[in-house]
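Let me begin by presenting the structure, written as structure tokens, before commenting on it.
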Amino acid sequence: MSDWAGILWLFVLLLGNAFFVGAEFAVVTARRSQIEPLAERGSRRARTALWAMEHATLMLAATQLGITICSLLILNVSEPAIHHLLEVPLGWLGLGESATATAAFVITVLLVSFLHVVFGEMVPKNIAFSMPDRAVLLLAPPLVGFDRVFKPVIWALNRGADLVLIMFGIRPQHAASTAYTLDQVATIVAESTKEGTLDDPAGTLGNTFEFTEKRAADVAVPLRRLRTLPEGVTPEQVEDAVGEFGFSRYPVTGPAGTLIGYIHLKDVLDLPPSRYAEPVPHSRIRQLITIAASTELEDALTTMQRQGAHVARVSDDIGHVVGALFFEDIIEVLVGEVHDATQHDEAGAAADVTGDASGGGAVESGGKATGDEAPGV
Numbered sequence: 001m002s003d004w005a006g007i008l009w010l011f012v013l014l015l016g017n018a019f020f021v022g023a024e025f026a027v028v029t030a031r032r033s034q035i036e037p038l039a040e041r042g043s044r045r046a047r048t049a050l051w052a053m054e055h056a057t058l059m060l061a062a063t064q065l066g067i068t069i070c071s072l073l074i075l076n077v078s079e080p081a082i083h084h085l086l087e088v089p090l091g092w093l094g095l096g097e098s099a100t101a102t103a104a105f106v107i108t109v110l111l112v113s114f115l116h117v118v119f120g121e122m123v124p125k126n127i128a129f130s131m132p133d134r135a136v137l138l139l140a141p142p143l144v145g146f147d148r149v150f151k152p153v154i155w156a157l158n159r160g161a162d163l164v165l166i167m168f169g170i171r172p173q174h175a176a177s178t179a180y181t182l183d184q185v186a187t188i189v190a191e192s193t194k195e196g197t198l199d200d201p202a203g204t205l206g207n208t209f210e211f212t213e214k215r216a217a218d219v220a221v222p223l224r225r226l227r228t229l230p231e232g233v234t235p236e237q238v239e240d241a242v243g244e245f246g247f248s249r250y251p252v253t254g255p256a257g258t259l260i261g262y263i264h265l266k267d268v269l270d271l272p273p274s275r276y277a278e279p280v281p282h283s284r285i286r287q288l289i290t291i292a293a294s295t296e297l298e299d300a301l302t303t304m305q306r307q308g309a310h311v312a313r314v315s316d317d318i319g320h321v322v323g324a325l326f327f328e329d330i331i332e333v334l335v336g337e338v339h340d341a342t343q344h345d346e347a348g349a350a351a352d353v354t355g356d357a358s359g360g361g362a363v364e365s366g367g368k369a370t371g372d373e374a375p376g377v
């Protein structure tokens, strides 16, 4: 082989090495969410790319085989050619034959190593990282073809690697994972917001991750902090409570202080004035659904939406009612503070409210989960 043919083969092998490196990183970094729609629209390249991603370990074995072959051939083919070409200019320096041969070998190794690392490794790797979806569509089809040609060898290499992993108690994974954990997505959102590539002024996205980790007990208002009205309360007293505390919904307690329902301001507004001094009709008191304290907050939200409930009682593991859950408070976890249409700017201090319903009764006092008096939406 002539010296110039050896130089030509050097660049061919560098290109081959770059192909296998780029394909390796493209297969493991490409996102299925970007490739699947193309496959569904009939793209053969996309279908092949998906197959490669689903058989990632086979593809990695194929790329490692290709990289090894190219790397071994690069030095064997290029070293004699470059060495021979360097002997003439080095001979002009008056070095001895041994010194000339050593210098030519060292220069050849350094030059080939530089070309191999930069153009055969780093450049294709960075390209694959920069545009993984486009890279996998371009490189996966020829890689799959290479796999089919050398299938027995690649299968043996892959199986051998699996056996070694099994010996160390590690379960082999054959598909690239492109899903993100909740913590990873939260980190991505936080970093993107900090870098200015994501605009989330209300913090809704960040709150979503906290929302998925909370349970009903984390948002429920404890019994001792509830603003409640007694059974037998009059429409006039309901209006007085709204005027004093600024909430439109109030849990209603029975004789033993248990939560029996809740009442909304609009439930009494349509009553005639002649009935304002009479107890609110029992049919106007809305039913409370019961939600376990350990219920995940998104499940509690779904249940309340399905039942059309704005308020729910929260019970512990043994069935004791420990508080009330308000639809507004769940939404606030996602979008921040939500004000009741009737709520005052300052919800008031924790003062007792007394009424005179059916001979008189005390209305319990308390506050919202955030520190303000609550009761709800």
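Residue numbers (UniProt numbering): 1 to 377. Using N, Cα and C, we set each Cβ at its ideal position, and we do this for glycine too. None of these values were measured; they are calculated from a predicted model.
Can you check which of these residues, the options, is closest to residue i by C-alpha distance?
{"i": "Phe114", "options": "Leu93, Ile127, Ser71", "result": "Ser71"}
{"i": "Thr133", "options": "Gln34, Pro172, Pro235", "result": "This sequence places Asp at residue 133; Thr is not what is there. Residue Gln34 is the option with its Cα nearest to Asp133."}
{"i": "Thr29", "options": "Asp270, Trp92, Ala135", "result": "Ala135"}
{"i": "Ser2", "options": "Ser98, His83, Thr68, Ala99", "result": "His83"}
{"i": "Gln287", "options": "Met304, Glu278, Ala277", "result": "Met304"}
{"i": "Leu13", "options": "Thr48, Phe245, Leu269, Ile67", "result": "Ile67"}
{"i": "Asp317", "options": "Glu239, Thr295, Asp240, Arg44", "result": "Thr295"}
{"i": "Met59", "options": "Phe146, Ala256, Val77, His116", "result": "Phe146"}
{"i": "Asn76", "options": "Ile154, Leu95, Val112, Asp299", "result": "Val112"}
{"i": "Met53", "options": "Leu15, Leu143, Asn126, Phe11", "result": "Leu143"}
{"i": "Leu269", "options": "Glu239, Ala156, Glu244, Tyr250", "result": "Glu239"}
{"i": "Leu73", "options": "Phe11, Gly319, Tyr250", "result": "Phe11"}
Closer than 7 Å by C-beta to residue i: which residues in its own chain qualify, once you throw out the five before and the five after it? Chain order, please.
{"i": "Ala18", "result": "Phe119, Gly120, Val123, Pro124"}
{"i": "Thr100", "result": "Glu87, Leu90, Gly91"}
{"i": "Ile154", "result": "Leu58, Ala61, Ala62, Leu65, Asp147"}
{"i": "Val27", "result": "Ala52, Met53, Ala56, Met59, Val136, Ala140, Ala176"}
With burial defined as no fewer than 16 other Cβ atoms inside 10 Å of the residue's Cβ, what is the status of residue i: buried or exposed?
{"i": "Pro273", "result": "exposed"}
{"i": "Phe25", "result": "buried"}
{"i": "Gly308", "result": "exposed"}
{"i": "Ala202", "result": "Confidence in Ala202 is poor, its pLDDT being 48 and thus under 50, which makes the residue's placement too unreliable to answer from."}
{"i": "Ala277", "result": "exposed"}
{"i": "Glu97", "result": "exposed"}
{"i": "Phe247", "result": "buried"}
{"i": "Trp4", "result": "exposed"}
{"i": "Ala128", "result": "buried"}
{"i": "Asn158", "result": "buried"}
{"i": "Leu301", "result": "buried"}
{"i": "His116", "result": "buried"}
{"i": "Ala351", "result": "Residue placement at Ala351 is poorly supported in this model, since its pLDDT is 31, which falls under 50; the coordinates still yield a value, given next. When all chains shown are included, Ala351 counts as exposed."}
{"i": "Leu163", "result": "exposed"}
{"i": "Thr102", "result": "exposed"}
{"i": "Ile170", "result": "exposed"}
{"i": "Asp299", "result": "exposed"}
{"i": "Leu297", "result": "buried"}
{"i": "Leu15", "result": "exposed"}
{"i": "Leu182", "result": "Confidence is the limiting factor: at Leu182 the pLDDT is only 47, short of 50, which leaves the residue's position unreliable, though a coordinate-based value still follows. When all chains shown are included, Leu182 counts as exposed."}
With a threshold of 6 Å on Cβ separation, who are the neighbours of residue i within its own chain once the five nearest residues in sequence on each side are excluded?
{"i": "Asp267", "result": "Arg284"}
{"i": "Ile7", "result": "Ala81"}
{"i": "Ala217", "result": "Ala293"}
{"i": "Ala46", "result": "Ile35, Leu38, Ala39"}
{"i": "Ala220", "result": "Val314, Gly323, Leu325"}
{"i": "Pro281", "result": "none"}
{"i": "Trp9", "result": "Val77"}
Within a Cβ cutoff of 8 Å, which residues of the same chain sit near residue i, ignoring the five residues on either side of it in sequence?
{"i": "Ile166", "result": "Pro172"}
{"i": "Leu50", "result": "Arg32, Ile35, Glu36, Ala39"}
{"i": "Val252", "result": "Thr228, Leu229, Pro230, Glu231, Val233, Leu259, Ile260, Gly261, Tyr262, Ile263, Ile285"}
{"i": "Glu236", "result": "Tyr276, Ala277"}
{"i": "Leu95", "result": "Ala103"}
On the DSSP bridge assignment, give the partners of residue i in chain order.
{"i": "Pro230", "result": "Thr253"}
{"i": "Val311", "result": "Phe326"}
{"i": "Ile291", "result": "Val314"}
{"i": "Gly261", "result": "Val252"}
{"i": "Glu296", "result": "Arg215"}
{"i": "Arg286", "result": "Tyr262"}
Distance cutoff 7 Å, beta carbons only. Does residue i sit that close to anything in chain C?
{"i": "Phe129", "result": "Looking at the structure shown, chain C is missing, and only one protein chain is on hand."}
Contact between the segment 53 to 64 and the segment 103 to 113: three or more CB pairs below 8 Å?
-> no
Segment contact flag, the segment 138 to 150 with the segment 18 to 32, C-beta cutoff 8 Å, min 3 pairs = Output reads yes: the segment 18 to 32 touches the segment 138 to 150.
Okay, do the segment 285 to 294 and the segment 313 to 328 touch, 3+ Cβ pairs below 8 Å being the bar?
-> yes
Spell out a yes or no on whether the segment 314 to 331 and the segment 215 to 234 are touching, meaning 3 or more CB-CB pairs, one atom from each, closer than 8 Å.
-> yes
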